[in-house]
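Participant: Mind the numbering: the sequence shown is residues 1 to 821 in my numbering, read in order. Heads up, the beta-carbon is just placed ideally off N, CA and C, and yes, glycines get one too. The structure is given below, and queries will be raised subsequently.
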Amino acid sequence: MARHRLRTMLAAGSTLALGLGGLTFLTVPASAASADLVLNEVYGGGGNTGATFTHDFVELANRGDAPVDLTGLSLQYGSSTGNLGGGSTPGSGNLKLDLHGTVAAGGTFLVQLAPGSGNGEALPTPDLASTTLNLSGSTGKLALVRGTNVLACGSTCAADPAIVDFLGYGGANDFEGHPAPATANATSSARGTGADTDDNAADFTTGAPTPRNAAGETGDGGPEPEPEKARIPAIQGGGHRSPFAGKRVETTGVVTASKFDGYWVQDATGDGDDDTSDGIYVFATASGAKPTVGQAVTVTGTVTEYRPSSASGPNLALTEIENAKFAVLPEALPMPAPVLIGPGGRVAPAQNPDSGGTGRVDVETAGEFRPDRDAVDFYEALESMRVEVRDAEVVGPTNSYGEMVVVPGGTDLPRTRAGGVHYASYDTPNTQRITVDDEIIYQRMPSANVGDTLPGLVSGPLSYDFGMFRIYPAQVPQVRSGGLAKEVTAAPNHNELAIASFNVENLDPTDPAEKFDQLASTIVHNLAAPDVLALEEVQDDTGAECPDGPSPTCTPDGVVTADQTLRMLTEAITAAGGPAYQWREISPQNLTDGGEPTGNIRVAFLFRPDRGVQFVDRPGGDATTPTGVQNINGKAALTFSPGRIAPTDDAWTNSRKPLAGEFTYHGRTVFVIANHFNSKGGDEPIMGRWQPPTRSSEQQRHQQAVLVHDFVADILAVQKDARVVVAGDLNDFEFSQTSSLLREDGTLVSLPTLLPEQERYSYVFDGNSQVLDQILVSPALVGKRSTGLSGRVRGYDIVHVNAEFADQVSDHDPQVVRITP
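Dropping the structure here:
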C-alpha cells in the first residue's frame with residue numbers, strides 16, 4: 001500500500017518511578033521476581049479476525065500491600081526479533097506508552113491499546129486508554145519499565161536494570177527463563193497462578209482473554225454508551241484536537257471519498273467557519289463494509305486523535321472516528337464543493353506558530369490557533385475536507401511510493417532553474433507545498449518530473465502523513481511535460497583537473513545490472529568522465545544481507561570489502577565508453593559506519609591514470625588508524641594515503657568516516673577529502689507538531705565539520721598554498737552551521753554559495769530543492785575574491801540529472817569542479 005497507515009506493530013520507552021503520599025516506591029532489582037507490580041495479562045489480537053475484543057490490552061496487577069503509583073513508568077513493546085522502542089539506538093524509535101494512574105493494593109489496572117479491524121466486543125472501561133502500542137496477536141515482547149526513555153534493546157532486554165517485569169511470548173528472541181507460548185486472535189498470555197518466578201513459560205498460560213479493570217469489571221460485552229449527537233465541524237473543533245476525543249458520537253454527512261481502510265464524510269453544508277473543518281475520516285477495515293461515495297450516512301463511533309507513524313512522535317494527529325458503524329440515509333444530501341487552495345482560493349500563509357512568547361511549542365496544545373497566519377493551522381482547518389488545486393506545478397518528482405509534491409499554479413515562491421522551489425533558509429519553509437498521494441488511486445500515479453504541470457483541477461480529501469499535508473486524488477491526474485532534460489557538464493581542458501562527487505545510493509553487487517549501467521552512463525556522458533571521483537554510499541561485496549539488522553534469523557556475514565562493488569562499477573564505465581578507472585578505499589569495521597543495516601557503506605575514490613592523474617600511496621591507513629599531515633621539504637604530505645580522518649573520534653560513531661587521498665597531476669599535488677556526514681534521520685518535520693522543529697542530527701555534523709576543518713587547517717599550516725578539495729554528501733545546507741564550521745577562518749570556500757541561487761540544489765526533499773552535497777576548496781584555488789568563481793577554479797557545476805527526475809538512478813545530483821593545479 002502507499003505509506004499512510006498500515007497499522008503495524010509499534011514499540012516504546014524508560015526513567016524513574018515516583019512514590020507519592022502512601023504509594024509504594026518501586027525498588028525491585030533487575031532479574032528478580034517483582035514483589036508488587038507485574039504484567040498480569042497481555043492480549044494482542046484485538047479487533048482482528050476471530051478476535052474476542054476490539055482492542056489489544058495489558059492488565060497490570062499489584063500483589064503488594066500498598067497502592068502503586070504508575071507515574072514515571074512505561075510500557076515498551078518490540079516485535080519477536082525487533083528492539084524495544086522500535087529503534088537501533090536509544091530514542092530512534094521513540095514509540096512508547098507512558099503510564100499514569102494508581103494500582104490499588106491487590107488490584108488490577110486495565111490499559112486499552114490499539115484497535116484492530118473492529119471485530120470483537122468492547123473491553124470493560126479501561127483505566128488508561130491509548131493507541132500507542134499495537135501488539136502482535138501471536139509473538140512479541142513487552143516490558144514494564146522504570147522510566148520513559150526508549151530502551152531500544154533487542155535480545156538482552158530482560159536483564160536490563162530498568163525492567164520491572166518482562167514477557168516474551170511465541171517466537172520472541174528475549175524472555176525471562178523460557179518464552180511463554182504463542183497466542184492467537186482469541187487468546188492471551190495470562191499469569192496462571194499469579195506467581196512471578198522470572199520464567200515466562202512457567203508463569204504464563206495461553207487461554208481466553210479475561211480483562212479486568214480497577215473497578216473489577218470484566219469484559220462481558222455490556223451495552224455501549226449512548227452516543228452524543230454532533231455535527232462534524234463541532235467534532236473537529238477550532239483547533240488541532242477534537243473536544244470530543246475519546247467520546248462516542250453520532251454524526252451525519254456525505255461520503256466524499258473511500259479507500260482500503262476507511263472513508264471520508266463531510267457535512268453537507270458546513271458551519272460557515274473557515275477555522276473549523278467540515279470533514280472527518282472514518283477508520284474502517286480493509287475487508288469490512290463501507291458506504292458508497294456520494295451516499296448520505298449517519299456514522300456512530302468513537303472520536304480519536306490518530307498520529308501517523310508514532311503516537312508520541314513529531315507528526316501532527318488526525319481527528320478520526322473509529323469502531324464505527326454507518327447507516328445510509330433515505331434522503332440524498334448535496335456533495336460539498338471542494339475548497340480551492342492557492343491563487344484565487346485560500347492561500348497558505350507562512351509558518352508563524354504562536355508560542356505565547358515561550359519559544360518552541362507543541363502546536364496541538366500550546367499557542368493560539370490562527371489559520372489566517374500560520375500554515376500548520378491553515379491546513380489543519382481543512383483536514384479531511386474536499387480540496388482542490390488548479391494547474392498544479394510539480395516541485396518534487398513522482399517517487400516509488402506513488403507520491404509527488406506540487407504547489408498550486410501561479411504560486412509566488414523562489415524558484416530553481418527547472419521550476420522547483422528553492423529552499424534558501426530555515427525561515428522560509430515554502431508552506432504552499434502539498435503532496436499528491438496515490439492512497440486512493442493505488443499504484444496509478446503518473447510519472448512526473450520537476451517543472452511538469454497537472455493541468456486542470458486535482459481534487460480529493462486533504463490528509464497528513466510523514467510530515468506533509470497531502471491530497472488523495474480520486475482520479476488519476478494528467479501530466480503536461482515541462483521538457484526537463486538531464487544536464488551534461490563541460491569536459492575539462494587538457495590542463496584542467498576535474499574532481500567530482502557522486503552519492504551512488506547504497507550500491508552493491510546485488511543491485512541489478514541496470515543500475516550499474518545507468519550510473520556508468522551518467523559518469524561518462526553527463527559528468528564527462530571526471531579525473532577524480534569521490535563516491536558515497538559504496539556498500540560491501542554482499543550488500544545489506546540483513547536489511548532489518550542482525551537478528552536470530554539473520555546473522556551478518558562479516559564481509560566488509562567492496563572490491564567487487566567497485567570492480568562492477570568501473571567495468572560498467574569502461575563498457576559505456578569511459579576510461580579504465582582505478583580506485584582506492586578503506587573498508588570499515590563491520591557494522592560500525594551506519595547506513596543501510598549490514599551494508600557497511602563507505603566513501604571511495606576513482607581516478608584516471610590515462611589523464612595523468614596519479615595516486616600517492618602511503619601505506620598504513622586502515623579502519624581505525626588516522627592519517628595525519630607531515631612536512632616534507634616545506635610541502636604538506638599525508639602520513640597515510642589513503643587514510644581516514646580521526647576515525648575513532650566520537651563524532652564518527654555509527655557514521656561514515658572521511659577519506660583523505662593525495663593525488664598528483666602535471667607535477668602538482670592535490671589533496672582530496674571524500675565525505676559523507678551524518679544523515680538527517682531523526683530531525684523533526686518542517687510541518688510537524690513541534691515548532692520550530694528540532695534538527696537533532698546536526699549536532700553530530702557540527703562535530704564532524706570541526707574535525708575536517710581542523711585537518712585542512714593542518715595542511716595549510718604546513719603549506720599555505722596547498723590545493724585542497726573537500727567533497728561529498730555533507731547532508732546539510734550551504735547556509736547551515738555545518739557549512740560555516742567548515743569555512744571558519746577562511747580555511748575553505750564553499751562553491752555552492754558562489755552559484756546563482758536558482759542553481760543551488762543537489763537534492764529534492766518533500767518538494768524543497770536544497771543543497772546537501774558540496775564541494776569546498778582551499779583559498780589557493782579561488783584567489784582573493786570572495787564572490788564568483790575565480791583563481792584556479794575554472795568551473796563548478798551541480799549536474800542536475802537525478803533529484804528532479806522520476807527515473808533517477810540516485811536521489812542525489814553529482815557535482816564537479818574543474819581546476820588548474
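Just curious, the beta strand (DSSP E) that Thr251 is in, first and last residue?
Facilitator: By 1-based counting over the sequence shown, the position of residue 251 is 251. Start and end: 248–259.
Participant: For Asp354, which three-state DSSP category applies?
Facilitator: Counted from its first residue, the sequence shown places residue 354 at position 354. Note: Asp354 maps to coil in three-state DSSP.
Participant: For Thr276, which residues in the same chain have their Cβ closer than 7 Å to its Cβ, ignoring the five residues on either side in sequence?
Facilitator: As a working mapping, residue 276 is identified with position 276 in the sequence shown. Result list for Thr276: Pro233, Gln236, Gly237, Gly238, Ala381, in chain order.
Participant: According to DSSP, which residues form a beta bridge with Asn213?
Facilitator: Along the sequence shown, one-based indexing puts residue 213 at 213. Paired residue(s): none; Asn213 is not in a bridge.
Participant: Return the residue from the list Glu364, Gly402, Phe378, Pro343 that minimises the CA-CA distance to Leu413.
Facilitator: For the purposes of this step, residue 413 is taken as residue 413 along the sequence shown, with counting starting at 1. With distances taken between Cα atoms, Leu413 lies closest to Pro343.
Participant: Out of Met404, Val395, Tyr423, Ser736, state which residue places its alpha-carbon closest to the alpha-carbon of Gly863.
Facilitator: Because the chain in this structure spans residues 1 to 821, residue 863 falls outside the shown range and cannot be described.
Participant: By how many angstroms is the C-alpha of Leu606 removed from the C-alpha of Trp583?
Facilitator: Walking along the sequence shown from the start, residue 583 turns up at place 583. Walking along the sequence shown from the start, residue 606 turns up at place 606. Whole-angstrom Cα-Cα distance: 4 Å.
Participant: Taking the straight line between their C-alpha atoms, what separation do you get for Ile632 and Pro752?
Facilitator: If you number the sequence shown from 1, residue 632 lands on position 632. If you number the sequence shown from 1, residue 752 lands on position 752. Their backbone Cα atoms lie some 33 Å apart in a straight line.
Participant: Helix, strand or coil: which one does DSSP assign to Ser242?
Facilitator: In the sequence shown, the residue the question calls residue 242 occupies position 242. Coil.
Participant: Going by alpha carbons, who is nearest to Ser501 out of Lys515, Asn526, Val479?
Facilitator: The residue you call residue 501 lines up with position 501 of the sequence shown. For Ser501, the nearest C-alpha among the options comes from Asn526.
Participant: In terms of DSSP beta bridges, what is His55 paired with?
Facilitator: Position 55 of the sequence shown, counted from the first residue, corresponds to residue 55. In the DSSP output, where bridge partners are listed per residue, His55 has Pro115.
Participant: Any idea which residues DSSP pairs Pro840 with across the strands?
Facilitator: Outside the displayed span of the chain (1 to 821) sits residue 840, for which this structure offers no information.
Participant: Who pairs with Ser750 in a beta bridge, going by DSSP?
Facilitator: Residue mapping note: residue 750 aligns to position 750 of the sequence shown, counting from 1. For Ser750, which the question treats as bridged, DSSP gives the partners Leu776.
Participant: Could you give the DSSP three-state label for Ser551: helix, strand or coil?
Facilitator: Here residue 551 refers to the residue found at position 551 of the sequence shown. It is a strand residue.
Participant: Quick check on DSSP: helix, strand or coil for Gln719?
Facilitator: As a working note, residue 719 is residue 719 in the sequence shown. Of the three classes helix, strand and coil, the one that applies to Gln719 here is coil, per DSSP.
Participant: Would you report the Cα separation of Gly106 and Gly301, rounded to the nearest angstrom?
Facilitator: Looking up residue 106 in the sequence shown gives position 106. Looking up residue 301 in the sequence shown gives position 301. Rounded to the nearest angstrom, the two C-alpha atoms are 34 Å apart.
Participant: Nearest by alpha-carbon distance to Arg307: which of Gln589, Pro209, Gly688 is it?
Facilitator: Indexing the sequence shown from 1 puts residue 307 at position 307. It is Gly688.
Participant: Out of Asp729, Glu698, Gln758, Glu41, state which residue places its alpha-carbon closest to the alpha-carbon of Ala61.
Facilitator: Here the question's residue 61 lines up with position 61 in the sequence shown. The option with the nearest alpha carbon to Ala61 is Glu41.
Participant: Can you list, in chain order, the residues of its chain whose CB lies under 6 Å from that of Ser155, leaving out five sequence neighbours each side?
Facilitator: For the purposes of this step, residue 155 is taken as the residue at position 155 of the sequence shown. Hits under 6 Å: Asn173, Asp174.
Participant: Taking Ala576 as the reference, which of Tyr169, Gly599, Asp610, Gln518 has the closest Cα?
Facilitator: Looking up residue 576 in the sequence shown gives position 576. When only C-alpha atoms are compared, the closest one is Gln518.
Participant: Which parts of the region 128–173 are runs of the beta strand (DSSP E), unbroken and 3 residues or longer, counting only runs that do not cross its ends?
Facilitator: Entirely contained in the region 128–173, the beta strand (DSSP E) runs reaching 3 residues are, in chain order, 140–146, 163–169.
Participant: From this set, Gly45, Ala366, Pro209, Leu340, which residue's C-alpha is nearest Asp354's C-alpha?
Facilitator: Taking the first residue of the sequence shown as position 1, residue 354 is located at position 354. Closest option to Asp354, Cα to Cα, is Ala366.
Participant: Quick check: the Cα distance between Gln539 and Glu757, rounded to an integer number of angstroms?
Facilitator: The count along the sequence shown starts at 1 and reaches residue 539 at position 539. The count along the sequence shown starts at 1 and reaches residue 757 at position 757. Rounded to whole angstroms, Gln539 to Glu757 spans 33 Å at the Cα level.
Participant: Run the CB neighbour count on Lys657, radius 10 Å, all protein chains shown included, and call it buried at 16 or more, exposed below.
Facilitator: Here the question's residue 657 lines up with position 657 in the sequence shown. Its Cβ being crowded by 16 or more others within 10 Å, Lys657 is buried.
Participant: Of the choices Gln774, Asp437, Gln719, Phe765, whose alpha-carbon is the least far from that of Ser736?
Facilitator: Your numbering for residue 736 matches position 736 in the sequence shown. The residue with the shortest Cα to Cα distance from Ser736 is Gln774.
Participant: Return the chain-ordered list of same chain residues with a C-beta closer than 6 Å to the C-beta of Gly221, the five sequence neighbours on each side being excluded.
Facilitator: As a working mapping, residue 221 is identified with position 221 in the sequence shown. For Gly221, the pLDDT reaches just 47, beneath the cut-off of 50, and the residue's location in the model is therefore unreliable, although a value from the coordinates is still provided. Hits under 6 Å: Glu121.
Participant: Whose CA, out of Ser778, Val708, Ala528, lies closest to the CA of Ile798?
Facilitator: Here the question's residue 798 lines up with position 798 in the sequence shown. It is Ala528 whose Cα lies nearest to the Cα of Ile798.
Participant: Count the C-beta pairs between the region 710–727 and the region 624–644 that are closer than 8 Å, then say yes if the count reaches three, no if not.
Facilitator: The region 710–727 vs the region 624–644: in contact.
Participant: The beta strand (DSSP E) spanning Val672 covers which residue range?
Facilitator: Along the sequence shown, one-based indexing puts residue 672 at 672. Note, Val672: beta strand (DSSP E), 668–676.
Participant: Note the first and the last residue of the continuous alpha helix (DSSP H) segment covering Val376.
Facilitator: Start at 1 with the first residue of the sequence shown, and residue 376 comes out as number 376. Counting along the chain, the alpha helix (DSSP H) containing Val376 begins and ends at 375–380.
Participant: Using alpha carbons as the reference points, say which of Glu684, Ser587, Phe663 lies closest to Asp563.
Facilitator: Numbered from its first residue, the sequence shown carries residue 563 at position 563. Residue Ser587 is the option with its Cα nearest to Asp563.
Participant: Three Cβ pairs or more, each shorter than 8 Å: is that satisfied between the region 240–253 and the region 463–471?
Facilitator: Contact fails: fewer than three Cβ-Cβ distances are below 8 Å.
Participant: Give me the Cβ distance between Ala116 and Ala51, rounded to the nearest whole Å; I'm assuming they're in contact under 8 Å.
Facilitator: Taking the first residue of the sequence shown as position 1, residue 116 is located at position 116. Taking the first residue of the sequence shown as position 1, residue 51 is located at position 51. In the sequence as displayed, the identity of residue 116 is Gly instead of Ala. About 6 Å separates the two Cβ atoms, so the contact holds.
Participant: Can we say the region 412–429 touches the region 663–675, given the rule of at least three CB pairs closer than 8 Å?
Facilitator: No, they do not touch.
Participant: Considering only the alpha carbon of each residue, which of Glu662, Gly661, Gly628 lies closest to Ala646?
Facilitator: If you number the sequence shown from 1, residue 646 lands on position 646. That would be Gly628, whose Cα lies nearest to the Cα of Ala646.
Participant: Spatial neighbours of Gly728 within its chain, please: CB distance less than 6 Å, with the 5 preceding and 5 following residues excluded, ordered by chain position.
Facilitator: Counted from its first residue, the sequence shown places residue 728 at position 728. Around Gly728: Ser501, Ala534, Glu536, Ala674, Asn675, His676.
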